[in-house]
Amino acid sequence: QVFTFNRVEIRVQPSVKVKNGAPMSIICHADIIKNTDFQLKHNFTIFKDRKPVFMTVSDKEEAWYEIPVARSSDTGDYECTVKADGKLSFSNSTYVWVTGMTKPILTADKKEVLEGEVVKLRCELPEEVPPLEFFFRKIKTNSAPKEKHVPERNQNFSEVEFYVEEGDNILKFDCFGKRQVKSGWESSQHSNAMLVTVKETFIKPTLITRPSSNVTEGDQIDFECSTVVAQMRDIEIILQKNRTILSNVKDKKFLKHSTIATQEDSGEYLCKVEQGAVSKTTKLNVFVSELFPKPTLSASVTKLDESKDLNLSCVIKGFRGANFSIVRKSSSGDILLKNSGFLAMKVNVNDTGSYTCKAEVKGIVKESKRVRINVYAPVSKPTLSVVSGSPEVVLGKPLQLICHSVMGTPPITFTFYKGDEVKKNVTNDTYAMFLDEDIGLNDNGGYKCDARNNHSSGVKSSNILNVTVIVPIRDASLGSVPYGEVEVGSDTAFLCSVKEGSWPIDFKFFKKSDREVLLHEVREYSDRTIWHKKTMKRKDTGTYYCMASNRASVDVRSRPITISVILAAWQKGVIAAFVLTAIAGAGAVALWWFLRKKKKGNEWFPSLYFIGLFFSSALAPNLTSEKLTRQPSDGNFYSGSGYIEDNENHMKSTDENKGPDLESAEVDYTEVEVSTLDPHR
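Per the UniProt record's numbering, the very first residue in the sequence shown carries number 1; after that it's consecutive.
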């Protein structure tokens with residue numbers, strides 16, 4: 001018994017597009033080829049969206065999945081598998097679309113409500129399977145419906161609440177549902193309509209004015225706001241103009257508010273009645289005619305010097321009989337100057353400020369626009385100084401100046417000059433700053449500043465400020481005479497010089513060994529200094545350098561030079577004489593020994609040999625071959641200076657006078673301590 005699957009296919013009856021509520025059949029068919037006619041057991045499994053929905057075992061080659069009433073939830077991808085005698089085959093996927101949804105059912109918890117109450121609605125899609133989308137609508141006459149959307153992931157119904165608002169009378173509610181399918185969204189029909197009757201808790205308020213809504217300034221105007229309430233509970237009446245609340249009452253049906261009308265009282269008034277979430281309003285426009293125009297304040301002059309005369313006058317054009325007063329404004333309140341329409345005064349700087357006048361007729365007070373009066377005191381002579389304090393600046397560094405006037409009414413305009421050139425204008429209260437970033441070598445003076453304000457006295461000028469430009473030290477050099485090698489006990493002159501730098505200059509001489517040792521320091525009003533070191537010793541051998549600085553506060557260090565302290569010629573002669581004397585003495589001893597031992601035979605020869613060997617081995621370690629060498633000169637003191645070149649020539653001539661023997665000879669010597677002879681011995 002041999003068989004094989006030719007194919008497995010899935011079919012839908014009546015079609016892959018079925019109306020909601022119609023019957024539908026999903027058929028899984030297996031096409032099998034056999035070598036003989038025999039029976040097979042077929043295991044059929046039908047899937048919807050990859051989830052099994054139907055399973056059966058049959059000896060037939062097809063299976064039917066019957067759906068008597070198709071719903072939109074049956075929409076999806078269907079496929080099937082067939083398993084027989086260990087072999088498995090599956091069909092392709094087929095998309096089935098059940099168009100339409102069941103009609104939703106809408107219910108409400110009440111059919112009659114009061115304004116401000118809540119209506120609870122429930123919408124259900126029977127026989128539909130979540131997830132679903134529910135849409136509720138509140139429909140009012142002559143207005144667009146208000147809609148609420150609620151998604152439901154786990155149930156086929158949804159509930160929502162609607163507030164009953166002011167003006168709601170007979171309300172109509174309905175709902176519908178949606179489901180997302182492969183081709184988009186599937187929508188249901190609209191549900192049954194629910195009608196809800198609304199009762200008013202209170203009527204719309206009434207707002208009136210007495211004597212009328214058109215009054216004249218100075219008249220009394222009365223506002224009356226009232227309503228009819230079904231239940232006197234938590235009710236409030238509010239009277240407001242624009243965003244300002246004028247009056248209010250609680251748990252009452254009537255509000256009254258009175259005021260003396262002014263022109264500012266013209267505008268729209270609103271009476272609002274609130275109870276819970278319900279609010280109703282009534283609006284009324286009020287027009288207040290002008291009794292008299294605002295007064296006008298005029299000044300003889302608005303900018304004047306102190307101790308000058310100022311006249312202020314207050315008038316109302318085309319109107320008589322008003323009571324005037326002139327005041328000055330301040331942060332603590334109005335300062336009354338005079339109960340009159342005219343004021344004459346001599347001013348001082350404290351009178352600077354804003355002035356107004358007030359006019360009063362029948363209890364109505366009106367105020368003029370403000371007039372600004374500025375009284376000026378003359379500026380004092382300004383002082384110009386350097387911010388850092390010292391009237392000097394390092395070349396290449398910025399210079400910051402400050403110009404200050406002790407007296408004078410601000411604003412004050414300061415002008416900075418460099419020579420005859422205007423550099424900067426600054427307007428400030430009492431001082432101004434100027435930064436000069438272009439400092440040259442020749443900028444040694446000529447700074448000045450002017451100060452002026454609106455006083456008639458004019459411009460005041462400061463004294464000329466002279467500023468010293470400090471040139472930093474550049475290129476320090478060190479030389480010595482003699483250079484390189486110095487005899488013990490002789491003097492050495494060290495010369496430290498700089499290429500440029502402002503005086504005075506601080507020179508310091510250092511010796512560099514295990515640590516740097518300051519040997520000498522001096523302040524010179526010159527670009528060089530000479531330090532004479534007396535009586536050089538062997539311990540003075542080492543490396544020397546100098547350092548120079550001035551008020552620019554920059555230390556410049558020279559290149560180091562090396563000084564070697566050697567024995568003097570007379571010391572070498574003493575050592576040589578001592579050695580020759582020692583050799584002569586040894587010879588005399590050897591001769592004496594020879595004469596003494598001559599009688600004893602040939603024993604003297606070996607003894608003499610060992611004596612000579614002893615002297616030569618004893619003296620050799622103490623003899624030092626010191627070759628007088630000279631280090632190459634790099635200009636000795638300082639290249640580029642005539643003074644230094646003269647010293648260099650002198651140094652070279654001194655070296656030449658030493659003679660050729662001193663240059664070429666090699667002397668073996670040792671150091672000895674020479675004791676002072678006792679004159680009594």
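Ideal Cβ placement from N, Cα and C applies to all residues, glycine included.
Apart from sequence neighbours up to five positions away, the residues of its chain that approach S25 with a beta-carbon distance below 6 Å are Q13, W64, E66, ordered along the chain.
Across the structure, F202 and S247 are spaced so that their CA atoms are roughly 20 Å apart.
Here DSSP, grouped into helix, strand and coil, assigns N43 to strand.
DSSP lists no beta-bridge partner residue for D85. Using a Cβ distance threshold of 8 Å, L121 and T102 do not count as a contacting pair. The residues P23, in chain order, have a CB closer than 8 Å to that of P68 in the same chain once the five nearest residues on each side in sequence are set aside.
Under the Cβ criterion (8 Å, minimum of three pairs), the stretch 269–279 does not count as touching the stretch 150–159.
Around the Cβ of Y525, a 10 Å sphere holds fewer than 16 other Cβ atoms; the residue is exposed. DSSP, reduced to helix, strand and coil, places D37 outside both helices and strands of the structure shown, so it counts as coil. In the three-state reduction of the DSSP assignment, D74 falls in the helix class. Of the candidates T75, C314, S332, E367, C314 places its Cα closest to the Cα of A344. Per DSSP, the beta bridge partners of D436 are L399.
Our two residues, A230 and T356, have alpha carbons roughly 54 Å apart in a direct line. Going by DSSP, R474 is part of the beta strand (DSSP E) stretching over 474–481.
Using a 10 angstroms sphere on the CB of I575, the tally of other CB atoms reaches 16 or more, which defines it as buried. Exclusion of the five residues before and after S354 leaves R328, K329, R370, V371, R372, I373 as the residues of its chain whose Cβ lies within less than 8 Å of its Cβ. E166 sits in coil when the DSSP states are folded into three classes, being neither helix nor strand.
For R452, the enclosing beta strand (DSSP E) begins and ends at 447–452.
Distance from I563 to Y544 at the Cβ level is roughly 6 Å; contact confirmed, criterion being Cβ atoms closer than 8 Å.
Judged by DSSP secondary structure, L384 falls within the beta strand (DSSP E) whose first and last residues are 383–386. Taken through DSSP and simplified to helix, strand or coil, Q231 comes out as coil.
Excluding five sequence positions before and after K358, the CB atoms of its chain that fall closer than 6 Å to its own CB belong to S325, V365, E367, given in chain order.
The straight-line gap separating the alpha-carbon atoms of V459 and V394 is approximately 32 Å.
Around the C-beta of H149, fewer than 16 other C-beta atoms lie within 10 Å, and the residue is accordingly described as exposed. With a contact defined as Cβ atoms closer than 8 Å, W97 and K17 qualify at about 5 Å. Ranking I412, K418, K424, T427 by CA distance to the CA of N442 puts K418 first. Residue S258 holds the alpha-carbon nearest to the alpha-carbon of F223 among V164, S258, K41. No Cβ-Cβ contact shorter than 8 Å links D174 with V198. Taking C-alpha positions only, A590 is separated from L580 by approximately 15 Å. Per the coordinates, the alpha-carbon of T296 lies some 28 Å from the alpha-carbon of I221. Using a 10 angstroms sphere on the CB of H532, the tally of other CB atoms stays under 16, which defines it as exposed.
Separation of K111 and L195 (C-alpha to C-alpha, rounded to the nearest whole angstrom) is 7 Å. Counted as a single uninterrupted DSSP element, the beta strand (DSSP E) harbouring H520 occupies residues 516–524. Excluding residues up to 5 positions away in sequence, S72, T75, W97 lie with their Cβ nearer than 8 Å to the Cβ of V181 in the same chain.
Judged by DSSP in its simplified three-state form, W592 adopts helix.
K539 is positioned such that its CB atom lies no closer than 8 Å to that of V488.
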